[in-house]
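Novice: Sending over a structure as structure tokens; questions will come in a sec.
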Amino acid sequence: VLIATSRELPHVGYCQSMNFLAAMLLEQLEEEEAFWVLVAIADDMLKGYYTLSLLGCRVDQHVFADLIHEIMPDVSNNVDEIMCIPAVGILSYHWFLTVFVTNIHDHDTLLQIWDIFFVRGARSIFQVAVSIFQGAATALATATEMQEVSAAINDSMNALSHDSLIDAVLGSLSDVVTEERIKEKRN
């Protein structure tokens, strides 16, 4: 699947994290279907993510960091201070590249995230990521060490449920993390 994708998309080739996407797709689909879905993800749904420069993903990390700073400035400022750099985007980088495959350990929750992603696109990744930070907000705002930041984020990821995902995508974050807002921040 990865070789075929790199041949179908020579401008993309093979890029880090595509193996995680392919593995997830192969769990659910036949090989040819997995190939075509991976092509759609790499060349359309997450255009620019899987290139040598990872430009699309890097831009979206800045967008995500801006969203967190606007929605939860105390959290954003504290995390950045602990890490001595603008860190929110760095913490979520792999979430976006793998659509949470390597981070959400409950398989049913991961499948729900992917279902939402295929219906609502990249915006859903932002919404789930913001939801994770919201779930960890109290601990992140008072953390003093990187280990506390990691633990708070992991605890929030592990607490994701069907209801919290639906709320993030259709409820509380549907008006906050909009396609228009993301597009505006990307420009």
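To convert, note that position 154 of the sequence shown is 331 in our numbering; the numbers rise steadily by one, no gaps. Glycine is no exception: its CB is placed at the ideal position from the N, C-alpha and C atoms.
(1) Just to confirm, is the Cβ distance from A242 to G266 under 9 Å?
(2) Are at least three pairs of beta-carbons, each pair with one atom in the segment 356-363 and one in the segment 337-344, less than 8 Å apart?
(3) What would DSSP say about L268, mapped onto helix, strand or coil?
(4) Within the segment 301-333, note down every full alpha helix (DSSP H) run reaching 4 residues or more, in order along the chain.
(5) Does the distance from the CB of M249 to the CB of L317 come in under 9 Å?
(6) Starting from the C-beta of D332, find all residues in its chain whose C-beta is less than 7 Å away, skip the five residues before and the five after it, and write them out in chain order.
(7) Quick check: what's the CA-CA separation for V307 versus I218?
(8) When the Cα of E208 is compared with those of T286, A181, L223 and K224, which residue comes out closest?
(9) Suppose you measure from the CA of Q365 to the CA of F277; what does that come to, to the nearest Å?
(10) In whole angstroms, what is the alpha-carbon distance linking S194 and D251?
(11) Whose C-alpha, out of Q205, W213 and M201, is nearest the C-alpha of S183?
(12) Please name the residue, chosen from L347, Q311, T321 and N255, that lies closest to I330 on a Cα-to-Cα basis.
(13) Which of the three DSSP states is assigned to Q205 in this structure?
(14) Could you work out which residue in V296, E361 and A264 is closest to V326 when comparing CA atoms only?
(15) Would you report the Cα separation of L232 and Y226, rounded to the nearest angstrom?
(16) With distances taken Cα to Cα, identify the nearest neighbour of M260 among A320, D352, A199 and R363.
(17) From F295, H188 and L244, pick the residue whose C-alpha is nearest to that of D220; which is it?
(18) Check for me: the alpha helix (DSSP H) holding C261 runs from which residue to which?
(19) With the cut-off set at 9 Å, would you say Q304 and L350 are in Cβ contact?
Specialist: Concretely, from the data shown:
(1) Indexing the sequence shown from 1 puts residue 242 at position 65. Indexing the sequence shown from 1 puts residue 266 at position 89. Going by beta carbons, A242 and G266 fall inside the 9 Å limit.
(2) Judged by pairs of C-beta atoms under 8 Å, the segment 356-363 does not touch the segment 337-344, as fewer than three such pairs exist.
(3) Here residue 268 refers to the residue found at position 91 when the sequence shown is read from its first residue. Of the three classes helix, strand and coil, the one that applies to L268 here is helix, per DSSP.
(4) List check, alpha helix (DSSP H) in window: 314-319.
(5) Walking along the sequence shown from the start, residue 249 turns up at place 72. Walking along the sequence shown from the start, residue 317 turns up at place 140. At the C-beta level, M249 and L317 come within 9 Å of one another.
(6) Taking the sequence shown and counting its residues from 1, the one referred to as residue 332 is at position 155. Once the five neighbours on either side are set aside, the close Cβ partners of D332 are A313.
(7) Residue numbering aside, residue 307 sits at position 130 when the sequence shown is read from its first letter. Residue numbering aside, residue 218 sits at position 41 when the sequence shown is read from its first letter. One C-alpha to the other measures close to 21 Å.
(8) To locate residue 208, count along the sequence shown from 1; it is residue 31. Looking only at T286, A181, L223 and K224, the smallest Cα-Cα distance to E208 is reached by A181.
(9) There is no way to answer for residue 365, as the model of the chain reaches only from 178 to 364.
(10) If you number the sequence shown from 1, residue 194 lands on position 17. If you number the sequence shown from 1, residue 251 lands on position 74. Approximately 31 Å between the Cα atoms of the pair.
(11) By one-based count along the sequence shown, residue 183 stands at place 6. Closest by alpha carbon: W213.
(12) On the sequence shown, position 153 is the one that residue 330 refers to. Selected option, being the one with the closest Cα: Q311.
(13) Residue numbering aside, residue 205 sits at position 28 when the sequence shown is read from its first letter. DSSP places Q205 in helix when its eight states are reduced to three.
(14) For the purposes of this step, residue 326 is taken as the residue at position 149 of the sequence shown. Ranking V296, E361 and A264 by CA distance to the CA of V326 puts A264 first.
(15) Taking the first residue of the sequence shown as position 1, residue 232 is located at position 55. Taking the first residue of the sequence shown as position 1, residue 226 is located at position 49. A straight line joining the alpha-carbon of L232 with that of Y226 spans about 6 Å.
(16) Locating residue 260 in the sequence shown gives position 83, counting from the first residue. Out of A320, D352, A199 and R363, A320 has the C-alpha closest to the C-alpha of M260.
(17) If you number the sequence shown from 1, residue 220 lands on position 43. Selected option, being the one with the closest Cα: H188.
(18) On the sequence shown, position 84 is the one that residue 261 refers to. Secondary structure note for C261: it is in no alpha helix (DSSP H), with a DSSP letter that is neither H nor E.
(19) Position 127 of the sequence shown holds residue 304. Position 173 of the sequence shown holds residue 350. Here Q304 is near L350, since their CB atoms are less than 9 Å apart.
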